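Structure first, then comments.
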């Protein structure tokens, strides 16, 4: 299953190559002494990406598994069934001659190969929430197989219209629909195009508990769903505009199957609906065959919104591009719609199935076009359906509230501005306020991000702390939050002065065929724009890195120092490559001080800067939270690097980056790149040393006498322990106390800082 999913459902290749050669059993040669092949060597020589099978417990797996963090799939099974199957396997494959009872006794005594069984499973269960671990059950796969059958969509067109948000698609067909309502005319309920991930949720949706006071909003995508949700919620909640303005529609009317088709979605929308207070309002795009079975016996309220298929298709195309990350053209999308290869398709049978049972199930059937032409009449029908009575004036007010132009504005407000995406908080620290002018820190503010629900982070009850930024961040914050993210983007994120430029140059060259000439001719800022820079300081025209990034052709390389909550919401669904780099806090403090003096015109002393950093009052602080949050992201497409590790073994770090980007270079090429990335070479490299910026800034601030000062250079020394020469013992102890206070040495995060 995993090989097919990872290889675009290539059944032809799967039929030609034996599974034991596609997914090699790592330790097999150690189990069968007479086996004439070295399976470990075979795995080492496999073409990448490698699929590797192992029965070893966690403690005996390769050590690098826990640092490189490849994808791990663990399959568990009921121990009784497993014992029975294992006993037959032992007889037929291992030549075991004993009885089943003897085998069972040996299992219970933990003396059968690969034992003990239950601790083996429990160890992996304990890490199931790690972003690179997928835990599945044999029984779950069997039940889904009995309930529905899956037909892969492996046509060329299906591949063309795949989108990063959900990946590949399959057809899901219900095996037994005998419990479904008959309807006015005999019809075989349509199948549905979904993602392979749906398989892991199908049983939960099928057996979902339904209440008679539930309200279900049903539709094919982009048929007026959001419009209908808002209308129905307000009518059934006595026109409570206040709550509607304060609580996001996504939380008032939850999209049931959202987490079942969005790759690596951090939440569980099915659980959200289960825990929602009653009466629950539930949005769903599934066809009748895949709705919860109890719907047909409990008979809650069902509202279906239909739309002209031409309009729905055009709207769905734009939705696919902006939210799903689809990069294809309209013609391919239309061809896929017409051949039933788009998510939630086939489109017309979806609507016809609901139309066929509308009377039998008391479904309120409304049309998008009717809402556009005569909203008042639709409102009265919905009121009648819910046994609600409102005055003409109230209905007129509701009609105005639901007008398309107002809804369009309100949705932007609800999803962004009115939720106060960013709050700008004045710094109240009395010492800071008294001295900020003399240090040129008057524009410093604390910025809180309130739009963080989509961040896939493994921190219980996480609420991001305010971040120290410039008041100028208000100019760009929302633009970054709402910006388009492309699947072939490459993002580098760091706390400042953690080896960002060094890593940018490394990444760009690895991804661009070691094109040293272009890297020399084009500055790193043009190749790899720093999108938050214009929110820190005023920039001379035409320099605008955020604007440049938005307009760049793909693939884009993008740099930011922002913490996870401030990054684009689309990043978490599109999931492009993300590289994070960390560095020792003492080295950061010293390097950041000199950087602030040369580029941000900081006028304080090193001691004052360090004290500000300890108080989380330098740009992008808090420092420790920044590193911890990135370490806890459930984001499988991320590479984490450490500045000190790169200094100790740069060729090793280069190979790690090559592996992450699926690039292969010879040892000589890697050595050439390592030489290019040496700090002496980097300091002299005009495309990365930002010499022009330093000169411009020093001239603007009447400090031209500092042009050749080593401490004023953007790339100064790049040392791992240079802080020992500049920090006093008192400051070293203060930084150590600060880190110990934030991250005790026995904390699981200690390795990030000590």
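Numbering (the UniProt record's numbering), first residue to last: 1 to 754.
Positions of the beta carbon are idealized from the N, C-alpha and C atoms, including for glycine.
Since this is a predicted model, take the numbers as computed values, not measurements.
Note: residue 641 is bridge-paired with 581 in the DSSP secondary-structure output. In this structure, the CA atom of residue 218 is about 17 Å from the CA atom of residue 313.
In the three-state reduction of the DSSP assignment, residue 115 falls in the coil class, being assigned neither a helical nor a strand state. As DSSP reads the structure, residue 304 sits in a beta bridge with 218 and 365.
Residue pairing by DSSP places residue 492 opposite 559 and 579 in a beta bridge. Between the alpha carbons of residue 309 and residue 185 lies a gap of roughly 22 Å. Contiguous alpha helix (DSSP H) elements confined to the region 244–294 occur at 249–252 and 269–275, taking only those with 4 or more residues. Every alpha helix (DSSP H) stretch that sits fully inside the UniProt domain "Sulfotransferase" (2–143) and reaches 4 residues is listed by chain position as 2–6, 11–16, 19–22, 28–31, 39–44, 65–68, 79–93, 100–108 and 117–125. Listed in chain order, the non-local C-beta contacts of residue 61 below 7 Å within the same chain comprise 54, local neighbours out to five positions each way being set aside.
Under DSSP, residue 152 takes part in a beta bridge, and its partners are 170. Taken in chain order, the whole alpha helix (DSSP H) runs of length 4 or more contained in the region 187–215 are 202–206.
For residue 382, the secondary structure class from DSSP, reduced to helix, strand or coil, is helix. Beyond the five residues adjoining it in sequence on each side, residue 135 comes within less than 6 Å, by CB distance, of 74 and 128 in the same chain, given in chain order. Ranking 335, 484, 349 and 573 by CA distance to the CA of residue 453 puts 573 first.
For residue 444, the uninterrupted beta strand (DSSP E) run begins and ends at 444–449, by DSSP.
Annotation for residue 423: the continuous beta strand (DSSP E) segment containing it runs 422–425.
Put simply, the region 341–359 touches the region 180–199. At least three CB pairs are less than 8 Å apart. Under the three-state reduction of DSSP, residue 601 is assigned to coil, being neither helix nor strand. Restricted to the region 503–527, the alpha helix (DSSP H) segments that are unbroken, complete and at least 4 residues in length are 516–521 and 524–527, listed in chain order.
In this structure, 1 is the residue among 403, 547, 1 and 587 with its C-alpha nearest to the C-alpha of residue 150. Between residue 636 and residue 253, the alpha-carbon positions lie close to 29 Å from each other. Around the C-beta of residue 580, 16 or more other C-beta atoms lie within 10 Å, and the residue is accordingly described as buried. Here residue 619 really is in contact with residue 496; their C-beta atoms are around 7 Å apart, less than 8 Å. Below 8 Å, enough C-beta pairs join the region 162–170 and the region 195–211 to call them touching: three or more. Between the beta-carbon of residue 77 and that of residue 87 there is about 14 Å, and that puts the pair past the 8 Å contact cut.
The Cβ atoms of residue 590 and residue 723 sit closer than 7 Å to each other.
Between residue 282 and residue 259, the alpha-carbon positions lie close to 14 Å from each other.
Following the DSSP letters along the chain, one finds residue 658 inside the alpha helix (DSSP H) bounded by residues 650–660.
Within 10 angstroms of the beta-carbon of residue 525 lie 16 or more other beta-carbons, which makes it buried. Taking the CA atoms as reference points, residue 380 sits about 21 Å from residue 279.
Around the beta carbon of residue 126, a 10 Å sphere encloses fewer than 16 other beta carbons of the protein chains shown; the residue is thus reported as exposed.
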